[in-house]
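Here's the structure we're looking at; comments come further down.
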Amino acid sequence: MALEFERPILELEEKIRALEATAREQQLDLSEEIGLLKEKLARLEREIFQGLTPWQRVQLARAPGRPTTLDVAEGIFEAYAELKGDRAFADDPAVVGGVARLEGRPVVFVGHQKGRNTKENIARNFGMPHPEGYRKAMRLMDLADKEGVPFLAFIDTPGAYPGISAEERGQAWVIARSIQRMSRLRVPAVAVILGEGGSGGALAIGVGNRVLIMENAWYSVISPESCAAILWHDAKEAERAAAALKLTARDLLALGVVDRVVPEPGGGAHRNPEAALAELKRALLESLEELAGLDPDALWQDRYRRFRGLGAYQES
Amino acid sequence: MALDRLFRRRRTRGGGREVPELWVRCPGCDAQVYKRDLEQSLWVCPECGYHHRVPVETYVAILADEGSFEPTTGAIRPTDPLGFVDTEPYPERLARYQKKTGRPDAIYGGRAAIGGVPSVLLVMDYAFAGGSMGSVVGEEIARGAELAAREDRALVIVTASGGARMQEGALSLMQMAKTTMALDLVFQKRLPYLAILTDPTTGGVTASFATLADVILAEPGALIGFAGPRVIKQTIRQDLPEGFQRAEFLKKHGLVDEVVDRRKLKETVVRLLRLTYPGEADGA
Ligand SMILES: [Zn+2]
């Protein structure tokens, strides 16, 4: 299931593998040829990835194999335990979280959870939470405050689930509460957009002192498809909408919506998750270090200033 | 939509052809209602109780004690941070709405006394880009909350919005966090915040400041929710139940305190503010 623009890279990789196999089988020294092809591969990868359109990045953000929240937990924590349930209605499989150790320090984490395949994705509702998912997130924020340990949030959702039961149980109300609860944390909070940052359902766990974003993730007020359906009356215009929304990591950094872009390895995080997670871990530790000296009031002030200052307008 | 037709007719008036608009057809019960009667009843159908949409000034007139209102919004104007172009460039869209409504963006408000309770009253304008929340609406809400906190006023917000404004991208999304956090200044001073949700209130407005009020009132029949009914229908591929996402449905599900007829709105708000405002209720 390669993405269209990945094909030339994959083809070249295939060629290199074939050449390596030939060299092995026939005991030939093809190291020069292989070396040249590998250089060419690196060049090609750079070229393709530097010129990615916003829509191509949206596709990367959704690519199978991209690290999910549980992959992040496996990859960056020495140990973790998942905690389940909202203590009111249900356990939402689209949101996961728990307690963990990050380089020896205790943390509480939460994140949207997509499936790694279709079956899992259906079970996870494609990472689209119901109200109980946000109540689970708030319960974990309470725990972080109680324990006095940093709170980490991993964002990866197309949006909160738009369904009858979600509305009946106050989807909007609970998202608002979650935004409020997170803004009131008395511990350092760092949010990372891992893949998709779809609207209020993403922001509900996005009110960090620091907001990081993976290089090929997106974050916006609406998905490109929905935006296209409303403004152009055609979901197929998603490519145009993706460009218009300025939803890429670099655009968001320029707008001040995110504080730091976490670089992804050549070819994207889905092709080399270990390298991507190593970069992410480093960025998280540095962000926590920056916040280490701040007391609860200073942390609130810091968050208030950060979000209070966002927006573009003219005094007249 | 009936109200649109009404506005159009009013506009053609100046064109020379005098069209007498003595009667308005009610979308709720189909009755022809005498316009002066409708005005008398704050645009609530005397036959069936249907609530017509009304201009923001009407809410100010209903809620603010006579002579007490002093506008504070309007000093800031929207820009085009993304260089957004869809079927028309965003600045042209804005100019059109500014001309239509006479204000820089989708919100109007200021200091007011409500039943003697010093308040900040903010009203969202659905006629301006569907009441969508971009940077200016978010900033005005935040400033309104800060003003209420600074001057020990109650905060009263009348909402009407399709949600966050697409043309300002992630910056619109950030207004949800900004407005939510600004409310904390009001709460820290133990001042009351009352929200009145009118038709429609959806998306990022419902999922932020609108539903964080101490008391949430809703107008009868108002559509209120996170996702719009069309999106839900597309997602679940089935018809939505009768009355879904309407004010009465939300009350039944415990999400709003009361559904209040516009003709009773002022007395309801005054009673609630007097019961929750910690200071003296005797003026602005
Ligand atoms: Zn009627």
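Going down the list, the sequences are from chains A and B. Counting from 1, position 21 in the first sequence corresponds to residue 20 in numbering that gives the first Met the number 0; the numbering is continuous, with no gaps. Counting from 1, position 47 in the second sequence corresponds to residue 46 in numbering that gives the first Met the number 0; the numbering is continuous, with no gaps. Glycine included, every Cβ here is placed at the ideal spot set by N, Cα and C.
Could you check whether the Cβ of residue 226 of chain A sits closer than 7 Å to any heavy atom belonging to ligand 1?
Residue mapping note: residue 226 of chain A aligns to position 227 of the first sequence, counting from 1. No, the beta carbon of residue 226 of chain A sits no closer than 7 Å to any heavy atom of ligand 1.
Measuring alpha carbon to alpha carbon, tell me which residue in B:47, B:101, B:39, B:76 is nearest residue 28 of chain B.
Your numbering for residue 28 of chain B matches position 29 in the second sequence. Checked all of B:47, B:101, B:39, B:76; the closest Cα to residue 28 of chain B is B:47.
Should residue 124 of chain A go down as buried or exposed, given a rule of 16 or more other Cβ atoms within 10 Å for buried?
Your numbering for residue 124 of chain A matches position 125 in the first sequence. Buried, because 16 or more other Cβ atoms sit within 10 Å of the Cβ of residue 124 of chain A.
State yes or no: is the beta carbon of residue 38 of chain A nearer than 8 Å to at least one beta carbon in chain B?
In the first sequence, residue 38 of chain A corresponds to position 39, counting from 1. So no, residue 38 of chain A is outside the interface.
For residue 221 of chain A, name the three-state secondary structure that DSSP assigns.
Taking the first sequence and counting its residues from 1, the one referred to as residue 221 of chain A is at position 222. Reduced to three states, the DSSP call for residue 221 of chain A is coil.
What does residue 120 of chain B pair with, by DSSP beta-bridge criteria?
Along the second sequence, one-based indexing puts residue 120 of chain B at 121. According to DSSP, residue 120 of chain B bridges with B:109, B:155.
Any C-beta of chain B sitting closer than 8 Å to the C-beta of residue 260 of chain A?
Position 261 of the first sequence, counting from 1, holds the residue named residue 260 of chain A. Closer than 8 Å: no.
Report the start-end ranges of each beta strand (DSSP E) in the segment 248 to 289 of chain A that is 3 residues or longer and not cut off at the edges.
259 to 261
Below 6 Å CB to CB, which residues in the same chain sit around residue 281 of chain B once its five sequence neighbours on both sides are set aside?
Position 282 of the second sequence, counted from the start, is the residue given in the question as residue 281 of chain B. Contacts found: 115.
Quick one: is the Cβ of residue 38 of chain B within less than 7 Å of any heavy atom of ligand 1?
Reading the second sequence from its first residue, position 39 is the one you call residue 38 of chain B. No, Cβ of residue 38 of chain B sits at least 7 Å from all heavy atoms of ligand 1.
Could you check which residue in A:166, A:205, A:182, A:37 has the C-alpha nearest to that of residue 110 of chain A?
If you number the first sequence from 1, residue 110 of chain A lands on position 111. Ranking the options by Cα distance to residue 110 of chain A, first place goes to A:205.
Return yes when the Cβ of residue 213 of chain B is within less than 8 Å of the Cβ of residue 267 of chain B, no when it is not.
Within the second sequence, the letter at position 268 stands for residue 267 of chain B. Within the second sequence, the letter at position 214 stands for residue 213 of chain B. Contact flag unset, no.
Indicate, with yes or no, if ligand 1 has a heavy atom lying under 7 Å from the CB of residue 58 of chain B.
Your numbering for residue 58 of chain B matches position 59 in the second sequence. No; taking the cut-off as 7 Å, the Cβ of residue 58 of chain B has no heavy atom of ligand 1 nearer than that.
Quick one: complete alpha helix (DSSP H) runs, 4+ long, within the segment 37 to 89 of chain B?
55 to 62
When you compare only the Cα positions, how much space is there between residue 175 of chain B and residue 145 of chain B?
Here residue 175 of chain B refers to the residue found at position 176 of the second sequence. Here residue 145 of chain B refers to the residue found at position 146 of the second sequence. Rounded to the nearest angstrom, the two C-alpha atoms are 16 Å apart.
Sorry if obvious, but does the Cβ on residue 33 of chain B come closer than 7 Å to a heavy atom of ligand 1?
Residue numbering aside, residue 33 of chain B sits at position 34 when the second sequence is read from its first letter. No, ligand 1 has no heavy atom inside 7 Å of this Cβ.
Nearest chain A C-beta to residue 76 of chain B closer than 8 Å, yes or no?
Your numbering for residue 76 of chain B matches position 77 in the second sequence. At least one chain A Cβ lies under 8 Å of residue 76 of chain B.
Is there at least one Cβ from chain B nearer than 8 Å to residue 49 of chain A's Cβ?
Position 50 of the first sequence, counting from 1, holds the residue named residue 49 of chain A. Chain B, which has no Cβ nearer than 8 Å to the Cβ of residue 49 of chain A, makes this no.
Which value, in whole angstroms, describes the spacing of the CA atoms of residue 44 of chain A and residue 222 of chain A?
Within the first sequence, residue 44 of chain A is the residue found at index 45, counting from 1. Within the first sequence, residue 222 of chain A is the residue found at index 223, counting from 1. Taking the straight line joining both Cα atoms gives about 27 Å.
Suppose the cutoff is 6 Å on Cβ atoms and the five residues either side in sequence are ignored; what does the same chain contact list for residue 14 of chain B look like?
Counting from one through the second sequence, the residue named residue 14 of chain B turns up at place 15. Any reading at residue 14 of chain B must be qualified, since the residue scores a pLDDT of 44, below 50, and its modelled position is unreliable; no value is offered.
So, do the segment 233 to 250 of chain A and the segment 51 to 61 of chain A have three or more beta carbon pairs nearer to each other than 8 Å?
yes
What whole-angstrom Cβ distance do residue 89 of chain B and residue 166 of chain B have, given they're in contact under 8 Å?
The residue given as residue 89 of chain B occupies position 90 in the second sequence. The residue given as residue 166 of chain B occupies position 167 in the second sequence. About 4 Å; that satisfies the 8 Å criterion.
Ordered along the chain, which non-local residues of its own chain (more than five positions away) have a Cβ less than 6 Å from that of residue 211 of chain A?
Locating residue 211 of chain A in the first sequence gives position 212, where the first residue counts as 1. Cβ neighbours of residue 211 of chain A beyond the five flanking positions: 191, 259, 261, 282.
Give the DSSP-derived three-state secondary structure of residue 127 of chain A in the structure shown.
Here residue 127 of chain A corresponds to residue number 128 of the first sequence, with the count starting at 1. Note: residue 127 of chain A maps to coil in three-state DSSP.
Please name the residues in the segment 224 to 237 of chain B whose beta-carbon is closer than 7 Å to at least one beta-carbon of chain A, in chain order.
224, 225, 226, 230, 231, 234, 235
Per the DSSP calculation, residue 111 of chain A is bridged to which residue(s)?
In the first sequence, counting from the first residue as 1, residue 111 of chain A sits at position 112. In DSSP, residue 111 of chain A forms a bridge with A:94.
Flag this pair as yes or no: are the beta carbons of residue 18 of chain A and residue 33 of chain A separated by less than 8 Å?
Here residue 18 of chain A is taken as the residue at index 19 of the first sequence, counted from 1. Here residue 33 of chain A is taken as the residue at index 34 of the first sequence, counted from 1. The answer is yes: Cβ separation under 8 Å.
In the DSSP output, what is residue 193 of chain B paired with across the bridge?
If you number the second sequence from 1, residue 193 of chain B lands on position 194. Bridge partners of residue 193 of chain B: B:155, B:214.
Stretch-stretch touch, CB-based, cutoff 8 Å, three pairs: the segment 253 to 273 of chain B with the segment 96 to 110 of chain B:
no
Boundaries of the alpha helix (DSSP H) in which residue 260 of chain B is found, first to last residue
Here residue 260 of chain B refers to the residue found at position 261 of the second sequence. Here residue 260 of chain B belongs to no alpha helix (DSSP H), and DSSP marks it neither H nor E.
Which residue or residues does DSSP assign as beta-bridge partners of residue 228 of chain B?
As a position in the second sequence, residue 228 of chain B is number 229, starting the count at 1. Paired residues: none, contrary to the question.
Own chain residues within Cβ distance below 7 Å of residue 301 of chain A, not counting five before or after
In the first sequence, the residue the question calls residue 301 of chain A occupies position 302. For residue 301 of chain A, where only same-chain residues beyond five positions count, the Cβ hits under 7 Å are 208, 293.
Whose C-alpha, out of B:62, B:160, B:63, is nearest the C-alpha of residue 126 of chain B?
To locate residue 126 of chain B, count along the second sequence from 1; it is residue 127. Minimum Cα distance to residue 126 of chain B is reached at B:160.
With distances taken between CB atoms, is the gap from residue 74 of chain B to residue 315 of chain A smaller than 8 Å?
For the purposes of this step, residue 74 of chain B is identified with residue 75 of the second sequence, where counting begins at 1. For the purposes of this step, residue 315 of chain A is identified with residue 316 of the first sequence, where counting begins at 1. Yes; because the gap between Cβ atoms is below 8 Å, this pair is in contact.
When you compare the CB positions of residue 197 of chain B and residue 226 of chain B, do they come within less than 8 Å of one another, or not?
To locate residue 197 of chain B, count along the second sequence from 1; it is residue 198. To locate residue 226 of chain B, count along the second sequence from 1; it is residue 227. Going by C-beta atoms, residue 197 of chain B is not nearer than 8 Å to residue 226 of chain B.
One or two residues paired with residue 192 of chain A in a DSSP bridge
Start at 1 with the first residue of the first sequence, and residue 192 of chain A comes out as number 193. Answer by DSSP bridge pairing, in chain order: A:154, A:212.
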